[in-house]
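With this note's numbering, letter number 34 in the sequence shown gets 35, and the count goes up by one each step, no holes.
Here a beta-carbon is modelled for each residue, glycine too, at the ideal position from N, C-alpha and C.
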Amino acid sequence: MNDFSIFALLFASAFASGIAVFFVKRDNTNTLKLVLSFTGAYLFSITVLDLFPHVYYTPGEPRETIGIYVLTGFFFQLVLEQFSHGVEHGHLHHTHESRRNVFPLGIMLSLCLHALLEGMPLAARHQNELVFGIALHHVPAAFALGSLLIHTSLSKRGIILLLILFSIMTPLGFLLSKGISSGGIGNIERYFDRIMAMVIGVFLHISTTILFESGSADHHKFNRRKMIAVVLGIMVALANFLINSGGHRH
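As structure tokens, then:
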């Protein structure tokens with residue numbers, strides 16, 4: 002995929018999912034939970050199979066220090082969730098705050114920062130499968146954000162503008178990381194792998210939280226569907242990894 006295709010796909014997946022709240026019912030979340038389970042398993046698998054080995058293969062960087070940056074990213078995401086209330090996980094049950102007609106500034110800021118960080122690994126190798134995973138992850142996250150905003154006193158135009166802002170953050174993260182990794186932004190390309198390690202920590206937190214939370218309180222029938230979604234996510238990630246690994250060997 003070229004840069005324009007990546008930018009367009011990431012933007013469209015988030016924006017289309019966000020404005021869907023104007024056209025579809027928001028009370029049935031089973032489908033969203035299945036999408037979450039799939040993307041959680043997919044992102045976790047891609048992180049373990051591809052991103053981890055890549056960042057630990059950093060020439061000149063002591064391998065034991067990489068883990069510190071991974072942990073930093075993990076706990077940074079934990080802090081962000083204190084403000085976002087899990088909207089990036091597709092949570093729809095926090096709309097009680099919006100009943101006071103107060104604009105959720107903390108949620109919006111933390112979600113935009115989270116989305117910006119999500120675009121950072123896309124400048125690394127094997128980016129196509131990661132673009133696919135992040136685009137799917139945006140579906141429940143953007144839908145949850147739209148559901149939150151629609152219960153505030155914001156106008157429809159205001160909601161759309163905020164959804165555009167959220168939708169453009171991950172593509173901007175991609176362009177930013179590409180500039181850093183290529184040396185086009187200042188002199189900070191030498192810190193790129195440390196930044197990537199922090200993003201890996203964010204991905205680990207997001208994916209494991211999704212896997213532990215989505216559908217945990219539902220009936221057995223949905224749990225079976227969740228398990229199928231998780232296995233599919235792992236299998237798709239593994240297939241992409243094997244295909245790309247075979248191509249690099251040749």
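Ile160 and Ile151: beta carbons closer than 9 Å? As a first step, residue 160 is located in the sequence shown; it is residue number 159 there, counting from the start. As a first step, residue 151 is located in the sequence shown; it is residue number 150 there, counting from the start. Cβ atoms of Ile160 and Ile151: closer than 9 Å.
Whether Ala230 touches Phe5 by CB criterion (9 Å): As a first step, residue 230 is located in the sequence shown; it is residue number 229 there, counting from the start. As a first step, residue 5 is located in the sequence shown; it is residue number 4 there, counting from the start. It is not a contact, given that the beta carbons lie outside the stated cut-off.
Counting along the chain, where does the alpha helix (DSSP H) carrying Asp4 start and finish? Position 3 of the sequence shown, counting from 1, holds the residue named residue 4. Counting along the chain, the unbroken alpha helix (DSSP H) around Asp4 starts and ends at 4-20.
On a CA-only basis, which of Asn31, Arg195, Phe76 is nearest Leu52? Give me that one, please. Taking the first residue of the sequence shown as position 1, residue 52 is located at position 51. Out of Asn31, Arg195, Phe76, Arg195 has the C-alpha closest to the C-alpha of Leu52.
Threshold first: 4 residues or longer. Then list the alpha helix (DSSP H) segments lying entirely within the stretch 161-245, N to C. 193-214
Within 10 angstroms of its Cβ, does Glu130 collect 16 or more other Cβ (buried), or is it exposed? Sequence index remark: in the sequence shown, residue 130 carries index 129 (1-based). Answer is buried; the Cβ neighbour count reaches 16.
Distance CB(Ser111)-CB(Ser148) smaller than 9 Å: In the sequence shown, residue 111 corresponds to position 110, counting from 1. In the sequence shown, residue 148 corresponds to position 147, counting from 1. No. Outside cutoff.
Buried or exposed: where does Lys252 fall if 16 or more other Cβ atoms within 10 Å of its Cβ makes it buried? Outside the shown range of the chain (2 to 251) lies residue 252, about which nothing can therefore be said.
Can Ala142 be considered in contact with the ligand COA, in the sense that its beta carbon sits closer than 8 Å to one or more heavy atoms? This structure does not include the ligand COA; it has no bound ligands of any sort.
Contact belief for Val56 with Ile201 at Cβ below 8 Å, rounded distance in angstroms: Counted from its first residue, the sequence shown places residue 56 at position 55. Counted from its first residue, the sequence shown places residue 201 at position 200. Confirmed, about 6 Å.
On the CB-based measure, 16 or more other CB atoms within 10 Å of its CB, does Thr48 come out buried or exposed? Numbered from 1 along the sequence shown, position 47 holds the residue referred to as residue 48. Buried.
Close-in-space but distant-in-sequence residues of the same chain around Met236 (CB under 6 Å, 5 per side omitted): For the purposes of this step, residue 236 is identified with residue 235 of the sequence shown, where counting begins at 1. There are no such residues.
By alpha-carbon positions, which one of Glu65, Ser208, Val71 ends up nearest to Ala142? Residue numbering aside, residue 142 sits at position 141 when the sequence shown is read from its first letter. Put simply, of Glu65, Ser208, Val71 the residue whose alpha carbon is nearest the alpha carbon of Ala142 is Ser208.
Can you tell me whether DSSP reads Pro141 as helix, strand or coil? To locate residue 141, count along the sequence shown from 1; it is residue 140. Reduced to three states, the DSSP call for Pro141 is helix.
Would you mind giving the Cβ-Cβ distance between Met199 and Thr73, rounded to the nearest angstrom? I have them listed as a contact below 8 Å. As a first step, residue 199 must be located in the sequence shown, where it is residue number 198. As a first step, residue 73 must be located in the sequence shown, where it is residue number 72. Yes, Met199 and Thr73 are in contact; Cβ-Cβ is about 5 Å, under 8 Å.
Excluding the 5 residues preceding and the 5 following Gly234 in the sequence, name in chain order all residues of the same chain whose CB lies nearer than 6 Å to its CB. In the sequence shown, residue 234 corresponds to position 233, counting from 1. Within the same chain, Gly234 has close Cβ partners Phe39, Ala42, Tyr43.
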